[in-house]
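Using full-length UniProt numbering, you'd call the opening residue of the sequence shown number 1 and step up by one each time.
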Amino acid sequence: MMGGRLEPLGDSWSRVTAEIGDLFRPPFDLEERMKMLVLNSAENGDTFAERAESYYEKRPQLLALLQDLYNGYITLSDRYIQTLAKHHQHQHQHQHHRRQSSQISTTDYDCYDQEDDAESSLSYQQPQSMLPNKGVLEFDADAVNVIVADLVIKNVEYDVLVHEMSIMERRTSESSRKMELQKNLLEVLESERLILLNENARLGYRVTALVEENKGLVSESMFMKRKASELARCVLKMREDHRVYMLNRKIEDLQGQIYGLEKRNKEYYEQIVKRDQNVKQEKASIDEKKNVHDLSLDGCSKMEVVVVNQRFKKRGSASVGKKGGSRLWERVKNMDLFLCGLDPTCT
Numbered sequence: 001m002m003g004g005r006l007e008p009l010g011d012s013w014s015r016v017t018a019e020i021g022d023l024f025r026p027p028f029d030l031e032e033r034m035k036m037l038v039l040n041s042a043e044n045g046d047t048f049a050e051r052a053e054s055y056y057e058k059r060p061q062l063l064a065l066l067q068d069l070y071n072g073y074i075t076l077s078d079r080y081i082q083t084l085a086k087h088h089q090h091q092h093q094h095q096h097h098r099r100q101s102s103q104i105s106t107t108d109y110d111c112y113d114q115e116d117d118a119e120s121s122l123s124y125q126q127p128q129s130m131l132p133n134k135g136v137l138e139f140d141a142d143a144v145n146v147i148v149a150d151l152v153i154k155n156v157e158y159d160v161l162v163h164e165m166s167i168m169e170r171r172t173s174e175s176s177r178k179m180e181l182q183k184n185l186l187e188v189l190e191s192e193r194l195i196l197l198n199e200n201a202r203l204g205y206r207v208t209a210l211v212e213e214n215k216g217l218v219s220e221s222m223f224m225k226r227k228a229s230e231l232a233r234c235v236l237k238m239r240e241d242h243r244v245y246m247l248n249r250k251i252e253d254l255q256g257q258i259y260g261l262e263k264r265n266k267e268y269y270e271q272i273v274k275r276d277q278n279v280k281q282e283k284a285s286i287d288e289k290k291n292v293h294d295l296s297l298d299g300c301s302k303m304e305v306v307v308v309n310q311r312f313k314k315r316g317s318a319s320v321g322k323k324g325g326s327r328l329w330e331r332v333k334n335m336d337l338f339l340c341g342l343d344p345t346c347t
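Written out as structure tokens, the structure reads:
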């Protein structure tokens with residue numbers, strides 16, 4: 001029976017808290033206006049003009065938002081008062097019904113009901129003290145404000161605790177997941193360690209085999225070095241022999257070139273001697289022809305001068321002009337050229 005008495009009380013109290021939470025939850029329009037104000041405040045400038053303009057633009061918005069908040073607060077307080085009144089009336093009826101049923105029950109059951117009534121009266125002492133015995137709701141505004149503030153604070157604390165619990169649960173899940181990952185990683189590392197141990201042993205055997213092989217290669221390399229030194233000496237000797245052979249061939253080629261140059265020099269000298277003799281003979285013949293030409297030229301020039309003088313005397317001084325003088329001069333030139341063409345020494 002105790003559970004039956006407490007069930008309506010829990011339902012009513014949960015309904016009260018749900019209604020208060022719904023009233024406390026801000027409407028969508030109010031949230032949008034708050035976001036717009038926050039965004040506009042973030043975009044304010046630094047100059048005095050920008051600040052003044054922002055103030056005069058946002059002041060009506062802030063006043064309207066404050067008025068809406070005040071109206072919401074008044075509505076919340078009225079709903080809370082009505083809810084408390086309904087809850088107190090329901091509790092009073094429930095207590096009256098319980099007193100009637102307690103008269104029929106046994107003495108032990110009466111004692112148990114009295115203790116339960118004392119506990120319930122102590123649990124709801126504050127709402128009963130706020131309601132007068134007359135049944136008229138007369139609440140002090142300050143007390144209502146305090147109660148609403150307490151409810152708001154409790155609701156905020158509850159939300160904060162829920163948020164912290166969600167954070168803690170998320171951290172716990174993350175830590176458990178990390179522990180699981182670390183466990184898996186440890187298993188993988190252990191398997192890798194075993195694999196590396198086996199690989200290390202295999203590499204140890206391989207190193208010993210390579211050391212033995214290296215010893216054999218060292219002895220073989222010493223033998224190869226001796227063979228290489230012998231081959232180097234043979235190569236040097238072959239190079240010296242080849243160099244001597246090449247020098248001998250060059251000497252023979254140079255001797256053949258010297259012999260050919262001496263032969264050509266001798267032939268060229270003989271040609272020069274012959275040419276000098278021919279030049280001397282030609283020069284002597286040219287001198288003889290030149291002397292003969294000079295004698296013939298002197299006789300022709302004297303006869304021409306006599307003929308010209310006679311013609312000038314016959315024609316007179318009037319007939320001697322530019323035209324006649326030019327013709328006479330051309331005849332003299334033609335004769336001179338004719339004589340020069342006959343003489344091979346004329347230049």
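All residues carry an ideal CB built from backbone N, CA and C; glycine is no exception.
Values in this document were obtained by computation on a predicted structure and should not be read as measured data.
Judged by beta-carbon spacing, V146 lies beyond the 8 Å limit of L76, meaning their Cβ atoms are not closer than that value.
Rounded to the nearest whole angstrom, the C-alpha separation of I195 and R202 is 11 Å.
For V156 and L185, the gap between their C-alpha atoms comes out near 42 Å. Rounded to the nearest whole angstrom, the C-alpha separation of E267 and N248 is 29 Å. Within 10 angstroms of the beta-carbon of L84 lie 16 or more other beta-carbons, which makes it buried.
Of the residues assessed, Y80 falls on the buried side of the cut-off, its CB having 16 or more other CB atoms within 10 angstroms. When only Cα atoms are considered, R233 and S221 end up about 18 Å apart. Rounded to the nearest whole angstrom, the CA to CA distance from Q182 to M168 is 20 Å. Separation of E32 and A64 (C-alpha to C-alpha, rounded to the nearest whole angstrom) is 13 Å.
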